[in-house]
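Quick notes on the structure that follows.
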């Protein structure tokens, strides 16, 4: 069975902050096991 595909439309707009990490990046890291991330 193939994994569903997830595509993010995020564009860098500045420095990486702890808010970016907690709000989005950590979630994407966890999703890599369940989805085919593009």
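In my numbering, the protein residues as written are 1339 to 1376.
All C-beta atoms, glycine included, are put in the ideal place defined by N, C-alpha and C.
Roughly how many whole angstroms lie between the Cα atoms of residue i and residue j?
i	j	result
residue 1348	residue 1340	24 Å
residue 1350	residue 1373	22 Å
residue 1346	residue 1369	12 Å
residue 1357	residue 1364	10 Å
residue 1376	residue 1366	11 Å
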